[in-house]
């Protein structure tokens, strides 16, 4: 018998998302979902001073805050022909680097972990560790007061939920520690950004904050603390869970999408725009031996199932955002971007499969972790570790530059901007490939389009019926108890959705487990 | 069993807690003894105050900003001080589990309602949660709230940035007319303001003293310009034109679009992220995000502002005001007055 489940709202994500699925024989066979919020930033920007774009678009998202400001600034740099000096580039890297250090652990501990652990198992902790007993006391007090919000109410733990008292108590202790660490990571970003979220410092041409040594010293001391946390707590936790209690989920590749991955690449290591910490690249059909170069001309956005006036599929530089909530057959405010007609997964897993660092490939090869929900968490942890090491290099480089007295932070000559022109800014946000496109006429914005990571991941079907990555990932998900669809939120959250998002009708013909082509 | 009592019971936390209460009293300009009242009220509260946190057309930036709090720590706020029954970004439950938590809390009544994000007026369908227009959710949740606090630039006044989009987002006061609403505008919310406002409400049972825009005077009574660390340079007519120039590093940001002379906020005194920084110290012009004029009236944000209109008949050129025309005192008075006028004209617009 086909049963329908509706989850509205999906919480612990950014934005307003509703999911509907059909379940038959304990597995998802059809899925619907609705991106239920529209603001219309792209329309707002038309006719404005182009320099407003980096400020305004940053407000698209307060979770990956700084990412849009960065992408927009890169886009404006291109349109203004601004040559960002090294100091400006490094300060941007340090602001965004701190943002990622906040974002990835927060996603793991505060947005996702509650799906994988039975918090109440803390009560059964019998060990002698003083710290863990303090955590136990803290939770028991909440229970005694009959007030455990926001840890409850919740979906009930299932067979994949971790209920070992020691492991759970440790995880809750780390949940609390991570709360403190993400706040401190924001402080790091604010030291050079002015405040966080919604930093003020990144503008076209570079940054406004001159990195005085006292600020770099504070940044360095906070970085040391973050690095220790990531090395000793976050990464070990992800590995412990992923190769331990969650290994059945990992091995089964629960929550895999279609095997197409896209990374625009991000974090310039030098003045060379191709010298990137995370490289750009495309993987098609899980073929990891054949990483293709990104060709942005192959991107088109479709709107057949989105609440916008119909068009034939447009390149973002020509994109339109004419909202039309009366449109038939539409069910989402999310467009459907496609790369050569393919629905690309973007994000940490895509970046790690394009870059293929040993640390990540070892997990994939040695442990047999298949692409899916758990692999996304693992990719996120591995790339955070790599980032901490690189941030230290950028910080050292900037410190030397400042000490030399020759640190420039802004391309001042181009500040007033061109009469007309076009620009594109491509980078990586924590959630994946992010692109901004601008067209300037008479010193005003004529058109502005964003293609954000969650648009890729959470897009509805396109004009030819190709499903979005999350739609595909939900197909085949085990739902033994329709009253408790915890696997669905695990899968959706593993993509770390960052905008209102949508999933709709799916034909259940791809119930398969993906295998990587290695060797 | 109250976690605040537990907090108080421990020596080390007792100190932190007393400090927090003293800080709350100080920020609202209450006598020192009042901090004891706050501590007393908090200690005697039978349970933590229930909070429903609604997100409309938002970016979760205000939620993230609350999570950026270091003193007091996030855990103290989220687990020990408040009982957060509904908050889409942090709560465990989803779907009907989440919505039921909201409905149960509404039935209980007497909760703190925090609203983040604007409410679309162009079409209800631009923000739907659990198949309901967000506007309806706001109205039904507001009914039994003990206090309503609108946080951030989107939930206040004419909706900040979403207010300038085709969705025509508007702030809470556009919909709630029969109850007082405390407005805490800025982009994002400054977390210390929310914590202090909630603590004050718990202790006194009433809203703090507010200006005509519903902003607590404790945070919004002075023009940023008056306390700006770069004020001296403004008066000498020294403005930043090139961010690379070390000689200009502390200069006034007016020519980069700074809205400090029009903006009421405590940003110059109370910096962000545990006192790490604030926009002007970071060399960035104030965008005026705590004002009703944000964003539409204040855009463009970075344009050179050389001429200011003061009243219907007077135009002042700021390039010359500091150096020759008005003299030091004159410039201050005029720009001060300008801020008041700018606020007034918007009031009439409302």
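Protein chains in written order, with our numbering: chain B, 1 to 519; chain D, 520 to 869. Glycine included, C-beta positions come from ideal geometry on N, C-alpha and C.
Given residue i, which residues of its chain have a CB within under 6 Å of its CB, disregarding the five upstream and five downstream residues?
i: residue 107/B; result: 496
i: residue 720/D; result: 666
i: residue 686/D; result: 639, 641 and 645
i: residue 708/D; result: 581, 584, 670 and 671
i: residue 842/D; result: Reliability of the predicted coordinates at residue 842/D is poor, the pLDDT of 46 falling under 50, and no value is obtained from them.
i: residue 738/D; result: 712 and 785
i: residue 98/B; result: 185, 188 and 189
i: residue 227/B; result: 388
i: residue 284/B; result: 260
i: residue 13/B; result: 497
Using CA atoms only, rank isn't needed, just tell me which of the options is closest to residue i.
i: residue 225/B; options: 299/B, 154/B and 101/B; result: 101/B
i: residue 675/D; options: 750/D, 603/D, 704/D and 714/D; result: 704/D
i: residue 816/D; options: 678/D, 658/D, 638/D and 727/D; result: 678/D
i: residue 435/B; options: 315/B, 327/B and 324/B; result: 315/B
i: residue 701/D; options: 661/D, 683/D and 684/D; result: 661/D
i: residue 684/D; options: 44/B, 235/B and 195/B; result: 44/B
i: residue 319/B; options: 282/B, 447/B and 395/B; result: 447/B
i: residue 243/B; options: 282/B, 363/B, 290/B and 284/B; result: 363/B
i: residue 487/B; options: 1/B, 396/B and 112/B; result: 112/B
i: residue 24/B; options: 78/B, 38/B and 2/B; result: 2/B
i: residue 532/B; options: 485/B, 463/B, 491/B and 131/B; result: Any answer about residue 532/B is impossible in this case: the structure gives chain B only from 1 up to 519.
i: residue 184/B; options: 593/D, 814/D, 619/D and 628/D; result: 593/D
i: residue 477/B; options: 291/B, 254/B and 374/B; result: 254/B
i: residue 188/B; options: 791/D, 766/D and 804/D; result: 791/D
i: residue 658/D; options: 573/D, 818/D, 789/D and 623/D; result: 573/D
Report, in whole angstroms, the separation of the C-beta atoms of residue i and residue j, which I expect to be a contact under 8 Å.
i: residue 262/B; j: residue 350/B; result: 6 Å
i: residue 16/B; j: residue 648/D; result: 6 Å
i: residue 762/D; j: residue 412/B; result: 7 Å
i: residue 208/B; j: residue 801/D; result: 6 Å
i: residue 355/B; j: residue 460/B; result: Not really, about 29 Å apart at Cβ, beyond 8 Å.
i: residue 578/D; j: residue 637/D; result: Actually they do not touch by this definition, with Cβ atoms about 11 Å apart.
i: residue 570/D; j: residue 634/D; result: Not really, about 11 Å apart at Cβ, beyond 8 Å.
i: residue 398/B; j: residue 96/B; result: Not a contact, Cβ separation roughly 14 Å.
If you follow the alpha helix (DSSP H) that residue i is in, where does it begin and where does it stop?
i: residue 623/D; result: 614-627
i: residue 133/B; result: 130-144
i: residue 488/B; result: 486-494
i: residue 229/B; result: 213-229
i: residue 737/D; result: 736-739
i: residue 166/B; result: 165-193
i: residue 324/B; result: Neither: residue 324/B is in no alpha helix (DSSP H) and is coded neither H nor E.
i: residue 824/D; result: Careful: residue 824/D lies outside any alpha helix (DSSP H) and carries neither H nor E.
i: residue 645/D; result: Per DSSP, residue 645/D belongs to no alpha helix (DSSP H) and is neither H nor E.
i: residue 472/B; result: 469-474
i: residue 656/D; result: 653-662
Could you pull out every residue in the same chain whose Cβ sits closer than 7 Å to the Cβ of residue i, ignoring the five residues on either side in sequence?
i: residue 54/B; result: 69, 72, 73, 76, 202, 203 and 204
i: residue 86/B; result: 271 and 401
i: residue 275/B; result: 268 and 269
i: residue 174/B; result: 109, 233 and 237
i: residue 37/B; result: 15, 16, 333 and 500
i: residue 348/B; result: 376, 379, 380 and 383
i: residue 84/B; result: 77, 205, 206 and 411
i: residue 427/B; result: 70, 71, 74, 264, 266 and 434
i: residue 695/D; result: 661 and 667
i: residue 589/D; result: 793
Could you spell out the range, first to last residue, of the beta strand (DSSP E) harbouring residue i?
i: residue 871/D; result: Because chain D spans 520 through 869 in this model, residue 871/D falls outside it and cannot be assessed.
i: residue 337/B; result: 336-339
i: residue 602/D; result: 602-606
i: residue 572/D; result: 569-574
i: residue 450/B; result: 444-451
i: residue 18/B; result: 17-24
Under 8 Å Cβ to Cβ from residue i, same chain only, skipping five residues before and after it: list those, please.
i: residue 118/B; result: 157, 161, 162, 163 and 168
i: residue 6/B; result: 18, 19 and 20
i: residue 442/B; result: 419 and 420
Threshold first: 4 residues or longer. Then list the alpha helix (DSSP H) segments lying entirely within the region 355-442 of chain B, N to C. 358-367 and 373-403
Ignoring anything shorter than 4 residues or poking outside the region 753-822 of chain D, list the alpha helix (DSSP H) runs there in chain order. none
Jot down the residue ranges of each uninterrupted beta strand (DSSP E) in the region 239-263 of chain B, minimum 3 residues, whole runs only, in chain order. 261-263
Unbroken alpha helix (DSSP H) runs of length 4 or more, entirely within the region 58-93 of chain B: which are they? 67-80
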